[in-house]
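Read the structure below first, then the notes.
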Amino acid sequence: MSDTTIGLPHPEAVAPPRMLWLDIVNSWITTVDHKRIGIMYIGYALIFLIIGGIEALVMRVQLAVPNNKFVTPEVFNRMFTMHGTTMVFFVGMPILFGFGNYLIPLMIGARDMAFPRLNSFSFWVSAFGGLLLYFSFIGGDGLYGAGTAPDVGWFAYAPLTARIFSPGHSTDYWILGVFLSGIGSVGTALNLVVTITCMRCKGMTMGRLPLLAWIYLVVSWMVFIAVGPLTAAQIMLLEDRTLGSHFFDAQAGGSAVLWMHFFWIFGHPEVYVLVLPAFGFANEIIPVFSRKAIFGYSAMVGATVGIGFVSLGVWAHHMFTVGLGPAGNAFFTFATMVVSVPTGIKIFNWLATLWGGRIHFVTPMLFSIGFLFQFLAAGLTGIMLAVAPFDWQLGNSYFVVAHFHYVLVGAILYMIFAAFYYWFPKMTGRMLDERLGKWHFWLFTLGFHITFDLMHLPGILGMPRRIFTYQADRGWGDLNLIISLGAIFQVIALLIFVWNMVISYFQGEKAGADPWDAWTLEWTTSSPPPHYNFAVEPEVASRRPLWDKKHPNDPDTAYE
Amino acid sequence: MSTHSTIIETDSAEEWRLPDKGLVGMICLIVAEVAIFSIFVVAYIFYLGKSLDGPTPAQVLTLPIVGTICLMSSSITVHFAVTTLAKGKSGLSTLWLALTVLLGGIFLGGTGMEWHELIYEKGLTISTNLFGTTFYSLVGLHASHVAIGLVMLIVAMLFGITGKLESKHAHRLDILSYYWHFVDGVWVVVFLVVYVIGR
Numbered sequence: 001m002s003d004t005t006i007g008l009p010h011p012e013a014v015a016p017p018r019m020l021w022l023d024i025v026n027s028w029i030t031t032v033d034h035k036r037i038g039i040m041y042i043g044y045a046l047i048f049l050i051i052g053g054i055e056a057l058v059m060r061v062q063l064a065v066p067n068n069k070f071v072t073p074e075v076f077n078r079m080f081t082m083h084g085t086t087m088v089f090f091v092g093m094p095i096l097f098g099f100g101n102y103l104i105p106l107m108i109g110a111r112d113m114a115f116p117r118l119n120s121f122s123f124w125v126s127a128f129g130g131l132l133l134y135f136s137f138i139g140g141d142g143l144y145g146a147g148t149a150p151d152v153g154w155f156a157y158a159p160l161t162a163r164i165f166s167p168g169h170s171t172d173y174w175i176l177g178v179f180l181s182g183i184g185s186v187g188t189a190l191n192l193v194v195t196i197t198c199m200r201c202k203g204m205t206m207g208r209l210p211l212l213a214w215i216y217l218v219v220s221w222m223v224f225i226a227v228g229p230l231t232a233a234q235i236m237l238l239e240d241r242t243l244g245s246h247f248f249d250a251q252a253g254g255s256a257v258l259w260m261h262f263f264w265i266f267g268h269p270e271v272y273v274l275v276l277p278a279f280g281f282a283n284e285i286i287p288v289f290s291r292k293a294i295f296g297y298s299a300m301v302g303a304t305v306g307i308g309f310v311s312l313g314v315w316a317h318h319m320f321t322v323g324l325g326p327a328g329n330a331f332f333t334f335a336t337m338v339v340s341v342p343t344g345i346k347i348f349n350w351l352a353t354l355w356g357g358r359i360h361f362v363t364p365m366l367f368s369i370g371f372l373f374q375f376l377a378a379g380l381t382g383i384m385l386a387v388a389p390f391d392w393q394l395g396n397s398y399f400v401v402a403h404f405h406y407v408l409v410g411a412i413l414y415m416i417f418a419a420f421y422y423w424f425p426k427m428t429g430r431m432l433d434e435r436l437g438k439w440h441f442w443l444f445t446l447g448f449h450i451t452f453d454l455m456h457l458p459g460i461l462g463m464p465r466r467i468f469t470y471q472a473d474r475g476w477g478d479l480n481l482i483i484s485l486g487a488i489f490q491v492i493a494l495l496i497f498v499w500n501m502v503i504s505y506f507q508g509e510k511a512g513a514d515p516w517d518a519w520t521l522e523w524t525t526s527s528p529p530p531h532y533n534f535a536v537e538p539e540v541a542s543r544r545p546l547w548d549k550k551h552p553n554d555p556d557t558a559y560e
Numbered sequence: 561m562s563t564h565s566t567i568i569e570t571d572s573a574e575e576w577r578l579p580d581k582g583l584v585g586m587i588c589l590i591v592a593e594v595a596i597f598s599i600f601v602v603a604y605i606f607y608l609g610k611s612l613d614g615p616t617p618a619q620v621l622t623l624p625i626v627g628t629i630c631l632m633s634s635s636i637t638v639h640f641a642v643t644t645l646a647k648g649k650s651g652l653s654t655l656w657l658a659l660t661v662l663l664g665g666i667f668l669g670g671t672g673m674e675w676h677e678l679i680y681e682k683g684l685t686i687s688t689n690l691f692g693t694t695f696y697s698l699v700g701l702h703a704s705h706v707a708i709g710l711v712m713l714i715v716a717m718l719f720g721i722t723g724k725l726e727s728k729h730a731h732r733l734d735i736l737s738y739y740w741h742f743v744d745g746v747w748v749v750v751f752l753v754v755y756v757i758g759r
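In the order they appear, the protein sequences are chains A and B.
Just so we're aligned: 553 in our numbering is position 553 of the first sequence, and the numbers increase by one with no gaps anywhere.
Start counting at 1 in the second sequence, then tack on 560, and there's your number in our numbering.
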């Protein structure tokens with residue numbers, strides 16, 4: 001499609017005539033423009049973020065005091081299942097693909113993604129997966145009148161998912177929803193790889209690729225290798241439930257542990273699929289607000305590829321409590337610890353980028369600095385849990401819940417917030433309000449630490465995850481109450497964020513093409529960029545093309 | 561990725577060459593598919609001999625020689641379809657495509673007959689035992705890929721018959737042929753695992 005040259009529209013034609021709202025809806029639904037698809041991905045993820053957040057709140061209210069009866073055990077099971085599934089598949093993946101879709105072609109100086117129609121297909125099939133999952137609240141009763149939403153946990157261990165233990169269709173909705181999300185993910189990952197490999201503008205060698213694009217390249221390869229097994233396992237589970245096969249049916253000799261392996265072969269790389277784009281945002285944002293080029297570009301690329309490789313061989317650290325034998329325990333403990341080497345390289349490179357820089361404490365930078373501290377802490381508890389004997393003690397406890405929320409919220413969500421504050425001006429042409437942004441940051445950080453720092457403690461005191469309530473004499477009550485109260489701060493901060501986006505969209509300060517004095521190609525086009533991205537295909541000679549343009553006396557080409 | 565060192569930055573007159581989109585896209589698709597197939601193969605091998613009751617592979621499976629020969633040779637015929645089209649001989653290319661479709665069809669028909677025999681005469685269904693479960697899943701997954709490949713080849717063939725296949729389409733047909741070669745390669749693995757090692 002993009003082989004043919006399409007003439008640029010006249011400047012007069014760029015300002016479209018006023019459209020009816022139905023035409024606007026139609027133009028968004030039928031769009032194949034990577035920017036619009038990116039924004040739809042992000043919007044869709046934000047809607048699911050709110051839904052998943054409400055589910056988390058229901059759980060926190062239920063757990064706030066001992067012997068609580070706010071919801072029934074059945075509803076509680078549905079809440080943690082839907083919360084986990086939603087946040088991973090219908091918030092994390094789409095929001096990261098949304099930013100990737102929006103930013104990658106702009107950053108590499110391309111007109112669009114490599115396969116625009118595949119892009120649209122991938123978005124809609126993922127979106128349909130999310131709708132199918134939530135339709136289970138209405139349609140999950142099935143023929144047997146049992147269950148509504150899925151209630152088997154987000155990793156859906158066998159044999160709980162067998163037909164006898166999970167009658168009705170709720171688990172089938174879970175399977176199909178996740179399956180469709182997987183198809184969409186592979187489609188978008190394919191598109192990203194081809195775009196980054198084959199559509200770089202003139203002069204953009206792999207050594208000059210923005211680090212965010214490098215990271216999306218590695219992430220996309222990980223999606224192929226990780227999501228494939230999940231898709232395969234979902235097909236097997238669907239066969240077990242509908243055709244009477246015996247993959248995970250222990251009664252017929254099948255193995256429940258095999259499902260664990262298959263799920264975590266997907267599940268652990270998935271964590272890195274989610275966290276690597278957060279690293280990518282940090283790679284773009286931290287240098288700009290330190291007013292320095294990134295420290296150790298090639299080490300960053302190497303570390304990214306290293307994380308990608310090693311993360312494919314660590315899955316069974318989720319299964320230490322199953323009993324892997326000495327060899328398995330030793331291997332997976334070692335492999336898991338090895339991941340901390342490339343991750344450590346990244347942290348030191350970010351610190352070295354900050355070192356001696358003229359740091360601007362604007363909101364995206366605040367979130368990035370919060371990310372650095374919190375990701376370090378999350379990594380440290382990760383190393384603790386990587387030690388098999390420690391994991392035997394604390395596996396499946398609230399310590400684990402606290403650990404991975406520290407990664408998912410403290411690292412990933414923080415960098416997503418940073419990305420919003422950083423690229424919102426590019427997407428809408430308006431700046432997000434700084435004052436509200438600072439309120440958002442400080443309130444959210446307060447709430448985050450109240451909730452998730454303290455959440456480690458009930459885990460150490462023996463509180464298992466996924467319990468619907470607990471007795472008063474356990475001594476977990478006060479901690480759980482404070483943890484739940486922390487959520488209030490986070491909710492208020494999120495409301496401020498949403499309000500900020502709404503008000504800034506209409507009344508925010510005009511951004512201009514390059515509000516942050518940044519260096520990558522997306523800031524060379526207007527904000528929001530025109531349909532065709534670049535009127536003239538850009539040509540680059542270094543990693544920071546816009547720096548070269550602004551400082552012709554001192555271009556990066558002299559040093560690279 | 562090797563472009564990094566090969567392209568000379570200072571010479572802007574240097575031709576800016578990037579890998580082919582279709583080729584890279586197909587490689588990505590194949591990698592993702594390999595991941596899916598690997599899991600099914602692992603499951604097959606993991607459950608070898610673990611069935612609680614019969615029938616066992618040795619009792620019911622026979623080597624699908626004819627089908628295998630047909631599928632293997634269809635890789636050669638589709639290759640000729642591409643090379644003849646690149647030379648502009650679209651009629652000959654259509655003929656090679658038709659032969660490919662025929663060979664693929666024979667393979668698929670052979671699988672159908674094998675399954676019919678297994679189900680109705682030898683009493684092996686997907687729910688009989690673990691062997692049935694993994695056998696039908698792995699072979700069925702492969703057969704569904706053959707079927708998808710056949711649909712695409714038939715579309716190309718129909719374009720050839722209606723005279724719309726030209727040498728400028730050789731590249732697209734080439735990309736499609738990679739998919740077909742991949743499906744063939746998977747069959748080599750399935751054949752070895754299911755019919756040679758597993759029996």
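Every residue gets a Cβ at the ideal spot worked out from N, C-alpha and C, and that includes glycine.
- B/Glu674 carries a helical assignment under DSSP once its states are collapsed to helix, strand and coil.
- In this structure the segment 504-513 of chain A touches the segment 429-437 of chain A; the number of beta carbon pairs closer than 8 Å is three or more.
- Proximity of the segment 623-635 of chain B to the segment 658-675 of chain B meets the contact definition, three or more beta-carbon pairs being nearer than 8 Å.
- Taking a 10 Å sphere around the C-beta of A/Glu239, we find 16 or more other C-beta atoms and assign the residue as buried.
- Residue state for A/Lys69 is assigned as coil, using DSSP reduced to three classes.
- In the DSSP assignment, A/Arg435 falls within the unbroken alpha helix (DSSP H) covering 434-460.
- Annotation for A/Gly84: Trp154 place their beta carbon closer than 6 Å to its own, counting only its chain and skipping 5 residues before and after.
- About 6 Å separates the beta carbons of A/Ile225 and A/Leu312, which is inside the 8 Å limit, making them a contact pair.
- Classified as exposed, B/Tyr680 has fewer than 16 neighbouring CB atoms from the shown chains inside 10 Å of its CB.
- Spatial neighbours of A/Phe115 in its own chain (CB-CB distance under 6 Å, excluding positions within 5 residues in sequence) are listed in chain order as Asn191.
- Listed along chain A is no residue with a C-beta nearer than 8 Å to that of B/Ser704; the closest approach is about 10 Å.
- Chain-ordered, the chain B residues with CB closer than 8 Å to the CB of A/Arg200 read Leu578.
- Look at B/Val715: its C-beta is not under 8 Å from any C-beta on chain A.
- Interface flag for A/Ala149 against chain B is unset, since no Cβ pair is found closer than 8 Å.
- Following the DSSP letters along the chain, one finds A/Leu63 inside the alpha helix (DSSP H) bounded by residues 34-63.
- Residue environment: A/Tyr173 is assigned as buried (16 or more neighbouring CB atoms within 10 Å of its CB, all protein chains considered).
- Nearest CB-CB separation between B/Gly585 and chain A: below the 8 Å threshold.
- Contact between A/Pro229 and A/Phe179 does not hold, since the beta-carbon distance rounds to 12 Å and is not under 8 Å.
- In summary, A/Val401 is buried, with 16 or more beta-carbon neighbours lying within 10 Å of its beta-carbon over all protein chains present.
- In this structure, A/Gly177 places its C-beta atom within 8 Å of the C-beta atom of A/Gly129.
- Judged by DSSP secondary structure, B/His702 falls within the alpha helix (DSSP H) whose first and last residues are 690-721.
- A/Thr333 has a beta carbon lying at 8 Å or more from every beta carbon in chain B.
- For A/Pro389, the three-state secondary structure derived from DSSP is helix.
- For B/Lys649, the secondary structure class from DSSP, reduced to helix, strand or coil, is coil.
- Bounds of any alpha helix (DSSP H) do not take in A/Arg466, whose DSSP letter is neither H nor E.
- Between B/Leu678 and chain A, the shortest Cβ-Cβ separation is not below 8 Å.
- Beta-bridge partners of A/Arg430 (DSSP): A/Lys510.
- The DSSP-derived three-state label of A/Ser397 is strand.
- Look at A/Glu539 here: in three-state DSSP terms it is strand.
- For the segment 195-274 of chain A, the full-length alpha helix (DSSP H) segments reaching 4 residues or more read 211-242 along the chain.
- Under a 10 Å Cβ-count criterion, A/Glu522 is classified as buried, with 16 or more other Cβ atoms of the shown protein chains found around its own Cβ.
- Our two residues, A/Pro389 and A/Thr333, have alpha carbons roughly 10 Å apart in a direct line.
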